[in-house]
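Novice: First, the structure itself, so that you have it in front of you.
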Amino acid sequence: MEGLLSRRAGPEHDALDVRILDAALAEFETYGLRRVSVEDVARRARVARTTIYRRFSNKEQLLQAVILRECRRFLSGIAAATEGLPAREALVEGFVAGLREARSNPLLTRVVQSEPEAFLPQLSMNGGAVMLAARDILAERLGRDRPQGGEDLAAVCEILLRVALSLLLVPGGGLAVNDDEAARALARRHLIRLLPPAD
1 MEGLLSRRAG PEHDALDVRI LDAALAEFET YGLRRVSVED VARRARVART
51 TIYRRFSNKE QLLQAVILRE CRRFLSGIAA ATEGLPAREA LVEGFVAGLR
101 EARSNPLLTR VVQSEPEAFL PQLSMNGGAV MLAARDILAE RLGRDRPQGG
151 EDLAAVCEIL LRVALSLLLV PGGGLAVNDD EAARALARRH LIRLLPPAD
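Residues 1 to 199 in full-length UniProt numbering are what the sequence shown spells out, letter by letter.
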């Protein structure tokens, strides 16, 4: 997992990068993606605006760095929840953990509620790197006891992610997944059927 995520996220951040990213995250959580400026982040981080521009060429690059860092945390949570589980249980618990992590993430909650149209393009940045990283991690977990069928597993994992995303962005309807047990029941009843049969 670490190699994949580090490849997506680029080099490790030093202490000043972390300070800037923490400030940017706090601004985006409070005010949303559109209203925050680099000047706002500089003020919260207590650095000069030029310091930010030396490390992040513009607001979009800063936002992408924040989102990729949050995605690393998110994917680490899913990986921990599925560690050591057979494929069927890993699918169920990965789905449950993913929904739980997404619903408890302040940045995602803020953006989904107020600016969903601004959030969707971020998922497709860099050729959909965030979605692909999540898909690959889930496929690796599900494939541990199913060495064959890698392409099928990748497709299943992408479908799972897209289902989870739609549940987050369009809540309500007939699929009630308001807590872990409801999400677990949905996954066990419907989603594990997507898994290709074990050899």
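From the three backbone atoms N, C-alpha and C, an ideal C-beta is built for every residue, glycine too.
Compare the Cα-Cα distances from Arg103 to each of Ala164, Val130 and Val38 and report the closest residue.
Specialist: Measuring from the Cα of Arg103, the nearest candidate turns out to be Ala164.
Novice: As a quick exercise: from Thr82, Thr109 and Ile67, pick the residue whose alpha carbon is nearest that of Gln122.
Specialist: Comparing Cα positions, the closest option is Ile67.
Novice: So what's Asp128 in DSSP terms, helix, strand or just coil?
Specialist: For clarity, residue 128 is Gly in the given sequence; the question names Asp instead. Three-state DSSP puts Gly128 in a helix.
Novice: Buried or exposed for Ile137, please, with buried defined as at least 16 other CB atoms from any protein chain shown within 10 angstroms of its CB.
Specialist: Ile137 comes out buried.
Novice: For the alpha helix (DSSP H) holding Gly32, just list the boundary residues, first then last.
Specialist: Here the alpha helix (DSSP H) through Gly32 covers Ala15 to Arg35.
Novice: Nearest to Pro101 by alpha carbon, out of Glu83, Leu91, Ile78 and Arg110?
Specialist: For clarity, residue 101 is Glu in the given sequence; the question names Pro instead. The candidate whose alpha carbon is nearest that of Glu101 is Ile78.
Novice: What residue range is occupied by the uninterrupted alpha helix (DSSP H) comprising Gly98?
Specialist: Residues Ala87 to Ser104.
Novice: So, at 7 Å on beta carbons, what are the nonlocal neighbours of Leu194 in its own chain, with the 5 sequence-adjacent residues on each side left out?
Specialist: Cβ within range, chain order: Val156 and Ile159.
Novice: Once the 5 residues before and after Leu191 are set aside, which same chain residues still bring their CB inside 8 Å of it?
Specialist: Closer than 8 Å at Cβ, skipping near neighbours: Leu91, Val92, Phe95, Leu160 and Val163.
Novice: Go to Ala185, then tell me how far its alpha helix (DSSP H) extends in each direction, as first and last residue.
Specialist: Looking at the DSSP string, the run of the alpha helix (DSSP H) that includes Ala185 is Asp180 to Arg189.
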